[in-house]
Amino acid sequence: MAETYDFLFKFLVIGSAGTGKSCLLHQFIENKFKQDSNHTIGVEFGSRVVNVGGKTVKLQIWDTAGQERFRSVTRSYYRGAAGALLVYDITSRETYNSLAAWLTDARTLASPNIVVILCGNKKDLDPEREVTFLEASRFAQENELMFLETSALTGENVEEAFLKCARTILNKIDSGPALPFRLGPRPRLREAVSQRALAPEKLHRHLSPFLGHPALFLLRYKRYLCKLLTDVRIYIHFPTNCAAISPSLTPVPGLRGGGGADPANEVTRTALPNQVPALGGNAGAAQVCADAVASAGARSRAQRARRGGASRAVGAGYGALCGAGRLAQTAAPGPEEKAR
Ligand SMILES: Nc1nc2c(ncn2[C@@H]2O[C@H](COP(=O)(O)OP(=O)(O)OP(=O)(O)O)[C@@H](O)[C@H]2O)c(=O)[nH]1
-13 MAETYDFLFK FLVIGSAGTG KSCLLHQFIE NKFKQDSNHT IGVEFGSRVV
37 NVGGKTVKLQ IWDTAGQERF RSVTRSYYRG AAGALLVYDI TSRETYNSLA
87 AWLTDARTLA SPNIVVILCG NKKDLDPERE VTFLEASRFA QENELMFLET
137 SALTGENVEE AFLKCARTIL NKIDSGPALP FRLGPRPRLR EAVSQRALAP
187 EKLHRHLSPF LGHPALFLLR YKRYLCKLLT DVRIYIHFPT NCAAISPSLT
237 PVPGLRGGGG ADPANEVTRT ALPNQVPALG GNAGAAQVCA DAVASAGARS
287 RAQRARRGGA SRAVGAGYGA LCGAGRLAQT AAPGPEEKAR
């Protein structure tokens, strides 16, 4: 029977040779320590389906060779990775010193948004420690990484490292930027002004220069304002088809992921391997995850920019409305005219 899962994440295990990358992978997949582990040649692969926050996630893990001579080969496997375990050996300062180079590779070759967890492996060899917990955690903090000390030998924190990384990726996808206006029925003005993009104080600021009584204005032009807000909402709402999120994806008719309003969810749920012919197979699905995470970041930036634009548009709209109001006032017959 085909394996089912909600998400598929491509993970990398990177770091210098001999830090225990293959052993970490083996411990995570097989739940036991890999005796007589040899140097990896090129890359090795493993996968496991885990449950993270009620969601089924398939982790597709690429264990890369740490030796310099394989660097050009392993670099070609970075593309599309959503997460990475960056491993050093706590008993070897040399492996710690090369972390920055590995991290640069991950962020340039995989994605700047890749979720990385720093793993100080061989925690069981504490008496031989050359790198303190404190300095490594400082490095992690400075480089926006999560951090754990692990032992592939005892299994300590191994599962936690992979799950923590997966959880963070899921959170990143789920907590895509809040919609400035929720999709659904036409918003009532009261609801619309309570949205973040149009806080009541902003509304007041736009109106007060034109009229002495903004409340009266609101009451009078409620219908026009609602229409204006609906138009603005249509203009700024999320594109719901996945082709607009990632040009490399083709939505499959009739297949939607039920991921709610967040298109990132929909893409990762629906675009399973056979649905991404351009990228092909599992690598394609993994690419989708990276695209979704990356697009969440890009979307938030674009949204911020659009929100600014939308607020300005709303402001301009009010200006026009208020201008029209004033024109109407000027054009309205004065008391003398009325008497005549
Ligand atoms: N004590 C201890 N030894 C470990 C641990 N993890 C790995 N080792 C040992 O470290 C050595 C290297 O482990 P590997 O997993 O092959 O290291 P690697 O990072 O995959 O090395 P490359 O494939 O060359 O990049 C082996 O002798 C392992 O037995 C650990 O947590 N504790």
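When we follow the numbering used here, the leftmost residue of the sequence shown carries the number -13, and every step to the right adds one. Note that CB positions come from ideal geometry on N, CA and C, so glycine has one too.
Neighbour-count burial assignment, residue i, 16 or more Cβ in a 10 Å radius
{"i": "I159", "result": "buried"}
{"i": "A86", "result": "exposed"}
{"i": "V43", "result": "buried"}
{"i": "T94", "result": "exposed"}
{"i": "D75", "result": "buried"}
{"i": "G28", "result": "exposed"}
{"i": "P319", "result": "Confidence in P319 is poor, its pLDDT being 43 and thus under 50, which makes the residue's placement unreliable; the coordinate value appears in the next sentence. Per the 10 Å Cβ criterion, exposed."}
Chain D within 7 Å of residue i, Cβ atoms only
{"i": "T5", "result": "No chain D is present in this structure, which holds just one protein chain."}
Rounded straight-line distance, which links the Cα of residue j to that of residue i
{"i": "L45", "j": "F(-5)", "result": "5 Å"}
{"i": "C212", "j": "E135", "result": "55 Å"}
{"i": "A302", "j": "L214", "result": "In this prediction, A302 scores a pLDDT of 40, lower than 50, which makes its location untrustworthy; the coordinate-derived value is nonetheless stated afterwards. Each residue's alpha carbon lies about 11 Å from the other."}
{"i": "P113", "j": "E142", "result": "17 Å"}
{"i": "R153", "j": "A68", "result": "12 Å"}
{"i": "Y210", "j": "L202", "result": "14 Å"}
{"i": "K41", "j": "S123", "result": "29 Å"}
{"i": "L149", "j": "R55", "result": "31 Å"}
{"i": "P98", "j": "I47", "result": "19 Å"}
{"i": "E128", "j": "S137", "result": "24 Å"}
{"i": "L205", "j": "S161", "result": "36 Å"}
{"i": "R79", "j": "G52", "result": "15 Å"}
Beta-carbon spacing of residue i, residue j below 7 Å
{"i": "I100", "j": "A92", "result": "yes"}
{"i": "G1", "j": "V73", "result": "yes"}
{"i": "D110", "j": "T81", "result": "no"}
{"i": "K108", "j": "G6", "result": "yes"}
{"i": "F14", "j": "V144", "result": "yes"}
{"i": "T337", "j": "E121", "result": "No answer is possible for residue 337: it lies beyond the span of the chain, which begins at -13 and ends at 326."}
{"i": "S23", "j": "S33", "result": "no"}
Of the listed residues the options, nearest to residue i (C-alpha basis)
{"i": "N157", "options": "K7, G39, Y210", "result": "G39"}
{"i": "G106", "options": "A51, P113, T118", "result": "T118"}
{"i": "T26", "options": "F148, R34, L10", "result": "L10"}
{"i": "L71", "options": "D49, G32, Q21, E16", "result": "D49"}
{"i": "E(-11)", "options": "V35, Q127, K208, E16", "result": "V35"}
{"i": "F(-7)", "options": "N37, A147, Q53", "result": "N37"}
{"i": "A96", "options": "K18, R65, S8", "result": "R65"}
{"i": "E30", "options": "K18, F(-3), Q21", "result": "F(-3)"}
{"i": "F337", "options": "Y(-9), L205, L89, E146", "result": "The shown model of the chain, from -13 to 326, leaves out residue 337, and the question about it has no answer."}
{"i": "N17", "options": "M132, E146, V(-1), C151", "result": "E146"}
For this session: May I have all residues whose beta carbon comes closer than 6 Å to any heavy atom of ligand 1, sorted in chain order?
Result: A3, G4, T5, G6, K7, S8, C9, S23, H25, T26, A51, G52, Q53, N107, K108, D110, L111, S137, A138, L139
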